[in-house]
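A short write-up of the structure that comes next.
Encoded structure:
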């Protein structure tokens, strides 16, 4: 546990089993981290029920922002952007400096939309990415995107390589991280049309923090970490892979001692700290999402990554500014 | 072991570590199956070395077709279609009824091309699929495509659903198999553009063998088998997922007792029995690929699947006949 008070805005209504698992996860997180404060964003009766379960001495570690409606599970951007949803209110709380970071297990699309509208995107980032950290043999592997941006465009993959390298340097403390592009073989030319187009783009892409592009890697390498510290892919493939690794650990009787597939991911590319939990999160997943958000805030990860990227911007000649079809 | 003599044409030069691992795998396969005969396709000195390692009584179980060159690891179709490569010669041996099935750990693209040219495609199939069988909690899960056809087109996914349902019925003995489309959530509308287009196509697609479409499934479900017996995806995503599950089992200290991720897959959609092994196959992977080919031939899987599909053809109104961009 790193020291330092941190205040996390928690979306009480996000997730398949909300609010029950969110309440249980919040209680776990408070029990594990004495310097953690929570801003509970959701129906006041749910928040009051949580407060009632705390020891009196801990009750001043919890504040409540009453909001009635969860973000809808919908693909409609106008609905997603509703300012009165719990996740939008959680983002607003951070903008008002009433909290340091946002955690939600609700719709990823709604959380990304609320974060983009509330925090704004970093320069050059059109599509924020969700980055998941897998504990591999040789150290952590950052896999991105795992669901923020679903289509595989070369410029997006190149931008995500930059974001992932900066993330690995700042949050995993890696010097000269190895960056790979996920494909179906390691020889140049392996992959679908999107990967064949992205590989030469990544060869040319300047990377921050002394990172270097190692070329194509495979699904196996994401689990084991053998070839790369940062693995870049589209959010569709990354999400499928992450859940497949999770299923394999379930089949194998549990994850290795180094840890299993994460069920929380950090949003990269917006000017605020946001953690998205698996929609099917259990209470310990919510607690680990809150712990990740606290860790990122204590490391000052978002401003540190932003500074790393600003150092690169003079040399970067590729930005993720394609027009959406 | 099912009874019945079977003759497998083995590509001695296919695979990253060929011919050594192919020779070792062939020896293993011969030792495990007394009714197995092999036609070794490759350099005669390699084949002769293998024969010299056999007991004299077993030497008449092996024949040799001398071929000098492996198929090139290239994306150039003209090069892939070279008739004098080992994999093309193995296909030709089956066409001449000198063997019953082909096994190669060489370039998937070269094997698919050789099989399409030599055996021809089934009616309505433009893009053959590789199907891998994962041992899940509730029985085997057929995952396709795992590398035959890399782009996600709705008509291809619909045709592969038909092929996978017929394969599960014939080779896994499943009655009314459940067919799912791999995506990033189970609610309708989840996924990238290709999945959102394919889901309604699959709802309308008549399936053989009493199969029914259960909608969207996730990576987790492929490992555990919880939602579907047949999982349809594009060959890029399927290949990444399969190798990710394999990596997770390696990390977890080994696969579950029910078995790990397969390292051999059957080619579906051509009028012949073809098994493709992982390019990084070890000797036991090659042996299990030979065993799979023998099993498929003994089950008369290819003619049986073809008959199942012929029964459907009066009602099918979607065929995989899109034009390649």
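Chains as they are written, first to last, in the working numbering: chain E, 1 to 325; chain V, 1001 to 1325.
Yeah, the Cβ is synthetic: ideal placement off N, Cα and C, and Gly gets one too.
Everything numeric in this text was worked out from a predicted model, so none of it was measured.
Under a 10 Å Cβ-count criterion, residue 1005(V) is classified as exposed, with fewer than 16 other Cβ atoms of the shown protein chains found around its own Cβ. Just so you know, the alpha carbons of residue 166(E) and residue 208(E) end up roughly 6 Å apart.
Setting aside the 5 residues that flank it on each side, residue 1236(V) is surrounded in the same chain by 1150, each with a C-beta closer than 7 Å to its C-beta; the list follows chain order.
For residue 274(E), the pairing in a beta bridge is given by DSSP as 102(E). Apart from sequence neighbours up to five positions away, the residues of its chain that approach residue 1194(V) with a beta-carbon distance below 6 Å are 1152, ordered along the chain. In the DSSP annotation of this structure, the continuous segment of the beta strand (DSSP E) that includes residue 11(E) starts and ends at 6-11.
For residue 252(E), the nearest beta carbon of chain V is closer than 8 Å to its own beta carbon. In the structure shown, residue 1186(V) falls within a coil segment according to DSSP collapsed to helix, strand and coil. Contact annotation: in the segment 99-112 of chain E, no residue has its CB less than 7 Å from a CB in chain V. Taking a beta-carbon distance threshold of 8 Å, residue 1222(V) counts as an interface residue toward chain E. Burial of residue 285(E) is indicated by the presence of at least 16 other C-beta atoms within 10 angstroms of its C-beta. In the three-state reduction of the DSSP assignment, residue 1136(V) falls in the strand class, which pools E and B. In this structure, the straight-line span from the alpha carbon of residue 188(E) to that of residue 1016(V) is close to 15 Å. Under the Cβ criterion of 8 Å, residue 1255(V) is counted among the residues facing chain E.
Under DSSP, residue 1215(V) shares a beta bridge with 1180(V). Within the segment 32-67 of chain E, the complete beta strand (DSSP E) segments at least 3 residues long are 36-42 and 62-66, listed from N- to C-terminus. For the segment 1003-1025 of chain V, the set of positions with a beta-carbon nearer than 9 Å to some beta-carbon of chain E is empty. Assignment of residue 1131(V) by DSSP, reduced to helix, strand and coil, places it in the strand class. Residue 1108(V) sits buried, since 16 or more C-beta atoms from the chains shown fall within 10 Å of its C-beta.
Taking a Cβ-Cβ cut-off of 7 Å, the neighbours of residue 1193(V) in chain E comprise 151, given in sequence order. According to DSSP, residue 1085(V) shares a beta bridge with 1069(V). Inclusion of residue 163(E) and residue 268(E) in the CB contact set at 8 Å is warranted, their separation being smaller than that value. Within the segment 224-247 of chain E, 224, 233, 234, 235, 236, 237, 239, 240, 241, 242, 243, 244, 245, 246 and 247 place their CB atoms closer than 8 Å to a CB of chain V, listed in sequence order.
Within 10 angstroms of the beta-carbon of residue 55(E) lie fewer than 16 other beta-carbons, which makes it exposed. Residue environment: residue 138(E) is assigned as exposed (fewer than 16 neighbouring CB atoms within 10 Å of its CB, all protein chains considered).
Buried is the label assigned to residue 43(E), since at least 16 other Cβ atoms lie within 10 Å of its Cβ.
By the neighbour-count criterion, in which a residue is buried when 16 or more other Cβ atoms sit within 10 angstroms of its Cβ, residue 1158(V) is buried. A direct Cα-to-Cα measurement between residue 1181(V) and residue 58(E) gives close to 47 Å. For residue 1182(V), the chain E residues whose Cβ falls inside 8 Å of its Cβ are 240, in order along the chain. Contact of residue 147(E) with chain V by beta-carbon distance below 7 Å involves 1184. Less than 8 Å divides the Cβ of residue 1030(V) from the Cβ of residue 1036(V). Annotated as proximal: residue 148(E) and residue 128(E), with beta-carbon spacing under 8 Å. By the Cβ test, the segment 1209-1222 of chain V is not in contact with the segment 1249-1263 of chain V, since fewer than three Cβ pairs between them sit closer than 8 Å. Each of 1197(V), 1258(V), 1103(V) and 1131(V) was checked against the Cα of residue 1291(V), and the nearest Cα belongs to 1103(V).
Per DSSP, residue 1268(V) is one residue of the beta strand (DSSP E) stretching across 1264-1268. Using a CB distance cut-off of 8 Å, residue 1279(V) counts as an interface residue toward chain E.
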